[in-house]
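The block underneath contains the structure these notes are about, expressed in structure tokens.
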Amino acid sequence: MAQLDTREKLAILADAAKYDASCASSGTAKRNSRDGKGLGSTEGMGICHAYAPDGRCISLLKILLTNSCIFDCHYCINRKSSNVRRARFTVDEVVTLTLSFYRRNYIEGLFLSSGIIRSSDYTMEQIVAVARILREEHDFRGYIHLKTIPDADPELIHQAGLYADRLSINIELPTERGLNRLAPEKSGTRIRGAMDGLKTAIVDGHDARRRYRSAPRFAPAGQSTQMIVGADSANDAEIIGSASQLYDDYELRRVYYSAFSPIPDASAILPLKRPPLIREHRLYQSDWMMRFYGFAPAEVAAAAGPDGMLPLDTDPKLAWALKFRDMFPVDVNRAPREMLLRVPGLGPKAVDAIVKTRRWHALRLDDVGRLTNSIAKVRPFIVTSDWRPVRLSDQVLPMPKAADTQLELFGG
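Per our numbering, the very first residue in the sequence shown carries number 191; after that it's consecutive.
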């Protein structure tokens with residue numbers, strides 16, 4: 191096989207990394223360069239995959255150390271039996287690329303994952319070495335997200351947490367039966383055990399920092415995971431339940447959903463086509479309902495149909511409201527915050543503004559309109575001092591048109 195240069199490796203390994211959706215982050219350590227030293231200062235701003243809190247686009251160098259792998263997971267394009275062009279970076283090549291891209295202002299951080307080569311421990315050692323050299327030898331202060339390997343020695347994962355802002359361990363598939371069928375070499379028990387160990391280390395690290403300012407940071411942006419949607423038979427209700435359990439058990443910052451994408455020379459047990467991308471979008475919306483709107487998993491699942499699938503033509507918050515019409519309309523001048531969050535078109539910011547404003551005067555429909563993006567969406571579900579719709583249970587509301595299929599939960 192011809193020797194590849196760095197540019198060719200980058201083309202292969204950056205493309206191979208696109209299937210991992212879990213490289214976003216909602217937080218990082220506040221490192222700065224007030225002393226005039228160090229590279230990649232975050233200057234206290236949160237790091238995320240697309241945009242910083244100030245609206246500025248954040249870019250990460252997102253690559254695999256290698257797309258070679260000793261595992262043969264059916265859904266993975268980099269599986270052992272896959273007929274793809276292989277490449278592998280050395281540790282020094284990844285370090286050099288990261289620093290070069292940063293100095294050219296292309297990136298502000300690194301997301302590094304890898305196929306498994308030789309063994310889980312060997313691969314994890316290589317990943318940790320990249321982060322260690324960046325931090326210790328080059329004083330790199332940018333964002334680092336490392337994908338950790340569940341079967342690796344816990345001490346290696348602990349070392350990764352001392353250098354990385356965020357660690358993630360992919361749960362892979364929503365159900366144990368799906369994992370057994372499509373990735374029989376992987377163990378759901380080992381994956382969850384590694385996630386639990388990581389949770390404990392993060393909690394201990396935060397506790398140590400509260401007690402001793404000199405204690406080292408450990409994965410200050412927490413841990414995340416990813417599950418593939420549409421590769422197995424799991425329905426949306428099962429996925430919602432699995433995600434909720436992961437949040438509760440391991441205090442995850444995020445669960446990412448990645449729609450299955452058909453791969454060349456695919457196994458016969460895989461679907462022939464990818465699920466609609468709107469399904470992935472609806473799952474993210476349901477995730478927000480649980481995390482920010484106070485819905486219990488069973489309530490979110492109630493928005494699904496008899497087959498356990500969320501409707502594709504309606505966002506799940508609206509679907510839930512239409513199923514429970516007798517709970518509406520809601521009086522914005524009297525209802526508790528928890529109930530206002532269930533009104534389609536009202537997001538947390540709008541609800542907080544309503545609760546604050548109504549202490550001083552009764553809200554009219556125009557007042558609510560100034561606090562939300564679409565008063566037309568909100569109006570059938572609320573009562574104000576000058577507006578009372580027909581009771582929602584008596585209304586026949588038109589279903590969204592095709593152009594409205596991207597209805598968002600996040601009004602306000």
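Backbone N, C-alpha and C define an ideal beta-carbon position, used for all residues, glycine too.
Separation of P344 and A373 (C-alpha to C-alpha, rounded to the nearest whole angstrom) is 22 Å. No residue range can be given for S309, since it is assigned to no alpha helix (DSSP H) and is classified by DSSP as neither H nor E.
Using a Cβ distance threshold of 7 Å, V568 and T562 count as a contacting pair.
For H551, the number of other beta carbons within 10 angstroms of its own is below 16, and it is reported as exposed. In the same chain as P454, and ignoring 5 residues on each side of it, no C-beta atom comes closer than 6 Å to its own. Taking C-beta separations shorter than 7 Å and ignoring five residues to either side along the sequence, the partners of E489 in its chain run W510, following chain order. When DSSP states are grouped into helix, strand and coil, G537 belongs to the coil group. Linking P506 to A491 through their CA atoms gives a straight-line distance of about 9 Å. The region 443 to 453 and the region 397 to 405 do not touch, with fewer than three beta-carbon pairs separated by less than 8 Å. When DSSP states are grouped into helix, strand and coil, F408 belongs to the coil group.
Assigned with DSSP and collapsed to three states, V573 falls in strand. As summarised for the region 480 to 532, the continuous alpha helix (DSSP H) elements at least 4 residues long and confined to that stretch are 487 to 491, 506 to 513, 527 to 530, given in chain order. Just measuring C-alpha positions, the residue of T196, F408, L369, R443 sitting nearest Q349 is F408. The Cβ-Cβ distance between L388 and Q413 falls below 7 Å. When only Cα atoms are considered, D397 and R356 end up about 17 Å apart. Between the region 279 to 288 and the region 198 to 208 there are three or more C-beta pairs closer than 8 Å, enough to call the two in contact.
Positions of the beta strand (DSSP E) runs, each at least 3 residues long and wholly inside the region 354 to 395, are given as 356 to 358 in order along the chain.
The criterion of a C-beta distance shorter than 7 Å is not satisfied by L500 and D422.
Our two residues, G351 and I334, have alpha carbons roughly 10 Å apart in a direct line. Partner residues in the beta bridge of Q416, as assigned by DSSP, are Y446. Excluding its 5 nearest sequence neighbours in each direction, P538 has C-beta neighbours in its own chain below 8 Å: F482, Y483, L531, G602, listed in chain order.
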